[in-house]
Amino acid sequence: TSLASSMSVTDNEQVSMCLEPGLYFLKVFTFDWDISAPYSLVLTIPPGGCCVDDSLEQNDGALEALPLQSGDLIEDLMICPDDQDWFSITLAAGDRVVVDLLFDQYRYDQDLDLYLYGPDGATNLTPCCNSQNGQSGTSDEHLEHTVSTAGTYYIVVEGYDGSSNEYWIGVEVVPPGSP
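Mind the numbering: the sequence shown is residues 1263 to 1441 in the working numbering, read in order.
Here is the structure:
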């Protein structure tokens, strides 16, 4: 069964796929079976394998945001390169939202960051790069922010500079006047 192919009139063909572990075969051929030509084949396998989105995808924007409530802890999530995971939470005026992003970082390309966006889904209330706002260069991120108006706010997780990693996210809402 053919999984992918590349055919053109140029002399460079390329196929890119993320595959489950197993035995696969590559078939190289010419358009005209009477032609014989030398070629080079380059196979690249990224370190750590392919990145596979978590089961909660497609939460890649405000319209697809996964709703959260105070006390929620979601495990076994994944950020792939150039991906964002969006979560929504409804807050009252004066609420303080506390978000913890838990992940292990051993390499530069595993750095995740955390942001809070306003009810419009476009205003970043915790811009980069402040470790107190959920953006550092180490494992785990913590964000705390008190909102002045009621509404639905958005928590966004993304990889720094195209990084990817597995993570857990937890959220608490602290009402005004609470310690």
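Backbone N, C-alpha and C define an ideal beta-carbon position, used for all residues, glycine too.
If we count the other Cβ atoms within 10 Å of its Cβ and call it buried at 16 or more, is residue i buried or exposed?
i: residue 1420; result: buried
i: residue 1392; result: exposed
i: residue 1386; result: exposed
i: residue 1417; result: buried
i: residue 1365; result: buried
i: residue 1274; result: exposed
i: residue 1409; result: buried
i: residue 1403; result: buried
i: residue 1205; result: Nothing can be reported for residue 1205, as the shown portion of the chain is limited to 1263 through 1441.
i: residue 1431; result: buried
i: residue 1351; result: buried
i: residue 1345; result: buried
Look at the alpha carbon of residue i and the alpha carbon of residue j, and state the distance between them as a whole number of angstroms.
i: residue 1422; j: residue 1298; result: 47 Å
i: residue 1437; j: residue 1347; result: 25 Å
i: residue 1327; j: residue 1284; result: 34 Å
i: residue 1303; j: residue 1289; result: 11 Å
i: residue 1280; j: residue 1313; result: 8 Å
i: residue 1424; j: residue 1372; result: 9 Å
i: residue 1323; j: residue 1379; result: 11 Å
i: residue 1375; j: residue 1354; result: 25 Å
i: residue 1321; j: residue 1390; result: 21 Å
i: residue 1316; j: residue 1377; result: 19 Å
i: residue 1343; j: residue 1426; result: 5 Å
i: residue 1405; j: residue 1362; result: 7 Å
i: residue 1368; j: residue 1401; result: 8 Å
i: residue 1319; j: residue 1340; result: 9 Å
i: residue 1305; j: residue 1267; result: 14 Å
On a Cα-Cα basis, can you pick out the residue from the options that is closest to residue i?
i: residue 1412; options: 1435, 1296, 1390 and 1405; result: 1435
i: residue 1337; options: 1381, 1429, 1439 and 1317; result: 1429
i: residue 1330; options: 1359, 1316 and 1344; result: 1359
i: residue 1292; options: 1271, 1390 and 1307; result: 1271
i: residue 1441; options: 1415, 1316, 1356 and 1351; result: 1356
i: residue 1383; options: 1267, 1415, 1287 and 1295; result: 1415
i: residue 1294; options: 1276, 1269 and 1397; result: 1269
May I ask which residues mark the beginning and end of the beta strand (DSSP E) holding residue i?
i: residue 1429; result: 1427 to 1436
i: residue 1421; result: 1413 to 1421
Does at least one heavy atom of the ligand HEM sit under 7 Å from the Cβ of residue i?
i: residue 1348; result: The model on display carries no ligand, and the ligand HEM is accordingly not part of it.
* Asked: Mind pulling the beta strand (DSSP E) runs of 3 or more residues that sit fully within the stretch 1341 to 1403?
  -> 1346 to 1353, 1358 to 1364 and 1374 to 1379
* Within the stretch 1308 to 1333, ranges of the beta strand (DSSP E) (whole runs, at least 3 residues) -> none
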